[in-house]
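There are 2 protein chains.
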Amino acid sequence: MSGDAQISRLRPRRTDIRRENERAILDAAEKVFAEAGFGGATMQLIADMAGLPKANLHYYFATKEDLYRRVVQQIFEIWLDAASSFDDAPGPVEGLGGYIDAKMDISRTHPYGSKVWASEVMHGAPVIQDYLETTLRDWTNGRIAVIQRWITEGKMRPVDPRHLLYMLWATTQHYADFGHQIQTLNGDKPLNDRQWAEAKASVKDMVLRGIGAI
Amino acid sequence: MSGDAQISRLRPRRTDIRRENERAILDAAEKVFAEAGFGGATMQLIADMAGLPKANLHYYFATKEDLYRRVVQQIFEIWLDAASSFDDAPGPVEGLGGYIDAKMDISRTHPYGSKVWASEVMHGAPVIQDYLETTLRDWTNGRIAVIQRWITEGKMRPVDPRHLLYMLWATTQHYADFGHQIQTLNGDKPLNDRQWAEAKASVKDMVLRGIGAI
DNA sequence: TTTCATCTTGACCATACGGTCAGGAAGTGA
DNA sequence: TCACTTCCTGACCGTATGGTCAAGATGAAA
Chain P
3 MSGDAQISRL
13 RPRRTDIRRE
23 NERAILDAAE
33 KVFAEAGFGG
43 ATMQLIADMA
53 GLPKANLHYY
63 FATKEDLYRR
73 VVQQIFEIWL
83 DAASSFDDAP
93 GPVEGLGGYI
103 DAKMDISRTH
113 PYGSKVWASE
123 VMHGAPVIQD
133 YLETTLRDWT
143 NGRIAVIQRW
153 ITEGKMRPVD
163 PRHLLYMLWA
173 TTQHYADFGH
183 QIQTLNGDKP
193 LNDRQWAEAK
203 ASVKDMVLRG
213 IGAI
Chain L
3 MSGDAQISRL
13 RPRRTDIRRE
23 NERAILDAAE
33 KVFAEAGFGG
43 ATMQLIADMA
53 GLPKANLHYY
63 FATKEDLYRR
73 VVQQIFEIWL
83 DAASSFDDAP
93 GPVEGLGGYI
103 DAKMDISRTH
113 PYGSKVWASE
123 VMHGAPVIQD
133 YLETTLRDWT
143 NGRIAVIQRW
153 ITEGKMRPVD
163 PRHLLYMLWA
173 TTQHYADFGH
183 QIQTLNGDKP
193 LNDRQWAEAK
203 ASVKDMVLRG
213 IGAI
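So the sequences go chain by chain: P and L.
Following this note's numbering, the numbering of the first sequence begins with 3 at its first residue and continues without gaps.
Following this note's numbering, the numbering of the second sequence begins with 3 at its first residue and continues without gaps.
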């Protein structure tokens, strides 16, 4: 009767099994890699956190490095998506303001991924160097062109777009990468909703004034 | 004859031996910890880079963690010294401008130390948490007071001093911690003297305008 | 039911690592 | 020269790690 239908629902399908296990492993790996670094992370710890035996990890991800690469690619794609505000914005206030909002939100929701990326770059980008030289370089040049156009149109002062981008990346990601330090200076308490809103407002205000957009 | 004098000069004194070996080990350790992380660094690699047998490292530094702690403390003290411009400055242009100059210089001269610090904080500051809660907290509160005074005196707009400091730390250290990424976006070439000067000028210009100090 | 591909897992292995130690070399002060 | 401290180092050890494998369990298709 309805029992059959229930069982066939509860019993996971093949594709679901694969998807759910890969998701659990990637989530656990992101956290462990962020907190211990690539060298300090162990497959055993990731397995425990994902609730799977270690040998099962190697069934889905051949090596530790494969797993790590997937984690790094993930945060990179999330950041690329966040840049859509650049494209269809009339000026720097909307474009850069929206970009800052998006990056700050990501720093709050994906602090582990941000840390893994930072660690990877700090170590000389051994596994994602090709990304830097292709996707990131193209992306950066595209946004530099947009910023240059805004300058030409008189919508902001003539600042070096490169150093502006570096400042944006540095400042927004700082709230994820150095979140522990910020928390310590905040009386050992994580920033609450109001404080995050103030942080976003402060960053936007200082940056947009700094480039003469407001 | 003069041979004796030469020999007695060439033959290193006890204190020199200790000082020089500790220096060689610390320099090598700073680089290896920065490039591989604490977990990825090996005592063997540090020993090779310092030109000493591994057992000798353990003669000067009991454990890997002891060595690591010394490296982290080093960069922290360098940064503290850089903040002197804050104290005897009439206003934000000189105070913050000098601080940015100093931090940017350190990012160029001590990129490894900066990375080690970043890595340590990202991993939750397991070995320098007490520093964060004492020295750094006190230091930060002191500078916040200075910034507040400047605001009261009308020398800059009323911005949140905390987020201003975070922006300064993030931006200046970005040129060290993400130096590899910056280099990649610079055509795989390190920033030259002129580009470093431009970077400093850009950062100072954007920040000081952002807070209404110029 | 039968057949097949996918998934699971405990046990195992070779390697590399941090750290130890004993015994000798070298500098130092009397 | 002698006694003493500091410095040096090859050899060694226990442990933990990434990765393998073979045998079995489970779901899917016929």
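Glycine included, C-beta positions come from ideal geometry on N, C-alpha and C.
It should be emphasised that the depicted structure is a prediction, and the values quoted were computed from it without experimental measurement.
For this session: Could you name the residues of chain L that P/Thr154 contacts, counting a contact when the two beta carbons are closer than 8 Å?
Result: Counting from 1 along the first sequence, the entry for residue 154 of chain P is found at position 152. What P/Thr154 touches in chain L: nothing, since even the nearest Cβ is about 18 Å away.
Exercise. So with Cβ pairs under 8 Å, would you call L/Tyr61 a contact of chain P?
Worked result: In the second sequence, the residue the question calls residue 61 of chain L occupies position 59. By this cut-off, L/Tyr61 is not an interface position.
For this session: Report the rounded CA-to-CA distance for P/Lys191 versus L/Arg16, giving the unit in angstroms.
Result: In the first sequence, the residue the question calls residue 191 of chain P occupies position 189. In the second sequence, the residue the question calls residue 16 of chain L occupies position 14. Distance between P/Lys191 and L/Arg16, taken at the CA atoms: about 49 Å.
For this session: Just the chain P side, please: which residues come within less than 9 Å of L/Asp132 by C-beta, in chain order?
Result: The residue labelled residue 132 of chain L in the question sits at position 130 within the second sequence. Under the 9 Å cutoff, chain P gives no residues; its nearest Cβ is about 10 Å from L/Asp132.
Exercise. Beta carbon of L/Gly97: closer than 7 Å to some heavy atom of the ligand ATP?
Worked result: Absent from the structure shown: the ligand ATP. Ligands present: none.
Problem set entry | Beta-carbon contacts of P/Asp103 that lie in its chain and below 7 Å, excluding the five residues immediately before and after | In the first sequence, the residue the question calls residue 103 of chain P occupies position 101. Beyond the five residues adjoining it in sequence on each side, P/Asp103 comes within less than 7 Å, by CB distance, of Lys202 in the same chain, given in chain order.
For this session: Mind reading off the beta-carbon distance from P/Tyr114 to P/Phe78? Whole number of angstroms is fine, and I expect it under 8 Å.
Result: By 1-based counting over the first sequence, the position of residue 114 of chain P is 112. By 1-based counting over the first sequence, the position of residue 78 of chain P is 76. Incorrect: roughly 14 Å between the Cβ atoms, too far for contact.
Exercise. Which residues mark the beginning and the end of the alpha helix (DSSP H) in which P/Met45 is found?
Worked result: Position 43 of the first sequence, counting from 1, holds the residue named residue 45 of chain P. Annotation for P/Met45: the continuous alpha helix (DSSP H) segment containing it runs Met45 to Ala52.
For this session: Give the C-beta separation of L/Leu28 and L/Gln75 to the nearest angstrom, bearing in mind that I take them to be a contact with Cβ-Cβ under 8 Å.
Result: Translated into the one-based positions of the second sequence, residue 28 of chain L becomes position 26. Translated into the one-based positions of the second sequence, residue 75 of chain L becomes position 73. Your pair L/Leu28 and L/Gln75 does not check out as a contact, with CB atoms roughly 10 Å apart and the cut at 8 Å.
For this session: Rank L/Gly97, L/Gln150 and L/Asn23 by C-alpha distance to the C-alpha of L/Tyr61 and give the top, closest one.
Result: Sequence index remark: in the second sequence, residue 61 of chain L carries index 59 (1-based). Measuring from the Cα of L/Tyr61, the nearest candidate turns out to be L/Asn23.
For this session: State whether the segment 176-185 of chain P contacts the segment 166-174 of chain L, with contact taken as three or more CB pairs (one from each stretch) at a distance under 8 Å.
Result: Yes, since at least three Cβ pairs between the segment 176-185 of chain P and the segment 166-174 of chain L fall closer than 8 Å, the two stretches touch.
For this session: State the Cα-Cα distance for the pair L/Met208 and P/Asn143, rounded to the nearest angstrom.
Result: Along the second sequence, read from residue 1 onward, the residue named residue 208 of chain L stands at position 206. Along the first sequence, read from residue 1 onward, the residue named residue 143 of chain P stands at position 141. So the alpha carbons of these two residues sit roughly 21 Å apart.
For this session: Tell me whether P/Asp103 sits in a helix, a strand or coil according to DSSP, three-state version.
Result: By one-based count along the first sequence, residue 103 of chain P stands at place 101. Under the three-state reduction of DSSP output, P/Asp103 falls in the helix class.
Exercise. Rounded to a whole number of angstroms, what is the C-alpha to C-alpha distance between P/Glu122 and L/Thr137?
Worked result: Numbered from its first residue, the first sequence carries residue 122 of chain P at position 120. Numbered from its first residue, the second sequence carries residue 137 of chain L at position 135. Answer to the nearest angstrom: the Cα atoms are 29 Å apart.
Exercise. L/Thr142 versus chain P: which residues are under 8 Å apart at the beta carbon?
Worked result: By 1-based counting over the second sequence, the position of residue 142 of chain L is 140. The contacting residues are Leu187.
Exercise. Of all Cβ atoms in chain P, is any one closer than 8 Å to the Cβ of L/Tyr168?
Worked result: Counting from one through the second sequence, the residue named residue 168 of chain L turns up at place 166. Chain P, which has a Cβ nearer than 8 Å to the Cβ of L/Tyr168, makes this yes.
Problem set entry | Any C-beta of chain L under 8 Å from that of P/Ser109 | Locating residue 109 of chain P in the first sequence gives position 107, where the first residue counts as 1. Residue-level contact check: P/Ser109 does not touch chain L, since none of the beta carbons of chain L fall below 8 Å from its beta carbon.
Exercise. First and last residue of the alpha helix (DSSP H) that includes L/Met124?
Worked result: Position 122 of the second sequence, counted from the first residue, corresponds to residue 124 of chain L. First-last of the alpha helix (DSSP H) with L/Met124: Pro113 to Met124.
For this session: Select from L/Asp18, L/Tyr101 and L/Glu135 the residue whose C-alpha is nearest the C-alpha of L/Ile80.
Result: Working through the second sequence from its first residue, we reach residue 80 of chain L at position 78. For L/Ile80, the closest alpha carbon among the candidates L/Asp18, L/Tyr101 and L/Glu135 is that of L/Tyr101.
Exercise. For L/Gly97, does the count of other Cβ atoms within 10 angstroms reach 16, so buried, or fall short, so exposed?
Worked result: Here residue 97 of chain L refers to the residue found at position 95 of the second sequence. Buried is the call here.
Exercise. Skipping 5 residues on each side, what residues in its chain have a beta carbon closer than 7 Å to that of P/Met45?
Worked result: The residue you call residue 45 of chain P lines up with position 43 of the first sequence. Once the five neighbours on either side are set aside, the close Cβ partners of P/Met45 are Lys56, Leu59 and Lys66.
Exercise. Quick one: what does DSSP say L/Lys33 is sitting in, helix, strand or coil?
Worked result: Residue 33 of chain L sits at position 31 when you count from the first residue of the second sequence. L/Lys33 falls in the helix class under three-state DSSP.
Exercise. Since L/Ile213 meets chain P, which of its residues come closer than 9 Å, beta carbon to beta carbon?
Worked result: What you label residue 213 of chain L is simply residue 211 of the second sequence in a count that begins at 1. Those are Met208, Arg211 and Gly212, listed as they occur along chain P.
Exercise. For P/Arg159, which option in P/Gly212, P/Lys206, P/Ala199 and P/Gly126 has the closest C-alpha, if you only look at C-alpha atoms?
Worked result: Numbered from its first residue, the first sequence carries residue 159 of chain P at position 157. The shortest Cα separation from P/Arg159 among P/Gly212, P/Lys206, P/Ala199 and P/Gly126 belongs to P/Gly212.
Exercise. Would you say P/Thr173 reaches chain L, if we count a Cβ-Cβ gap shorter than 8 Å as a contact?
Worked result: Locating residue 173 of chain P in the first sequence gives position 171, counting from the first residue. At least one chain L Cβ lies under 8 Å of P/Thr173.
For this session: Anything in the segment 39-72 of chain P with a Cβ closer than 8 Å to a Cβ of chain L? List those residues in chain order, please.
Result: Within the segment 39-72 of chain P, the qualifying residues are Gly39, Phe40, Gly41, Gly42 and Ala43.
Exercise. Residues of chain P with CB under 9 Å from L/Ala120, in chain order?
Worked result: Sequence index remark: in the second sequence, residue 120 of chain L carries index 118 (1-based). Within chain P, the residues near L/Ala120 are Ala120, Ser121, Met124, Asp179 and Phe180.
Exercise. Using a Cβ cut-off of 7 Å, which residues of the segment 91-110 of chain L contact any Cβ in chain P, in chain order?
Worked result: Within the segment 91-110 of chain L, no residue has its Cβ closer than 7 Å to any Cβ of chain P.
Exercise. Which class does L/Leu170 belong to by DSSP, given the choice of helix, strand or coil?
Worked result: Within the second sequence, residue 170 of chain L is the residue found at index 168, counting from 1. In the three-state DSSP reduction, L/Leu170 falls in the helix class (H, G or I).
Exercise. Can you tell which of P/Ile216, P/Arg164, P/Gln183 and P/Arg196 has its C-alpha closest to the C-alpha of P/Lys157?
Worked result: The residue you call residue 157 of chain P lines up with position 155 of the first sequence. It is P/Ile216.
Exercise. For the alpha helix (DSSP H) that L/Arg159 lies in, which residues bound it at each end?
Worked result: Locating residue 159 of chain L in the second sequence gives position 157, where the first residue counts as 1. Under the DSSP assignment, L/Arg159 falls outside any alpha helix (DSSP H); it carries neither an H nor an E label.
For this session: For L/Asp166, collect the residues of the same chain with a Cβ closer than 7 Å to its Cβ; drop the 5 residues on either side in sequence, then sort them by chain order.
Result: What you label residue 166 of chain L is simply residue 164 of the second sequence in a count that begins at 1. The residue asked about is misnamed: residue 166 of chain L is Leu in this sequence, not Asp. These residues qualify, in order along the chain: Ile149 and Ile213.
For this session: Check the Cβ-Cβ distances between P/Ile27 and every residue of chain L, and say whether any is below 8 Å.
Result: The sequence position of residue 27 of chain P within the first sequence is 25, counting from 1. Interface with chain L (8 Å Cβ-Cβ cutoff): P/Ile27 is excluded.
Exercise. Can you name, in chain order, every residue of its own chain whose Cβ lies under 6 Å from the Cβ of L/Arg145, other than the five neighbours on each side?
Worked result: On the second sequence, residue 145 of chain L is found 143 positions in, with the first residue counted as 1. Same-chain partners within the cutoff: Phe88.
Problem set entry | CB contact below 8 Å: P/Gln76 versus chain L | The count along the first sequence starts at 1 and reaches residue 76 of chain P at position 74. Closer than 8 Å: no.
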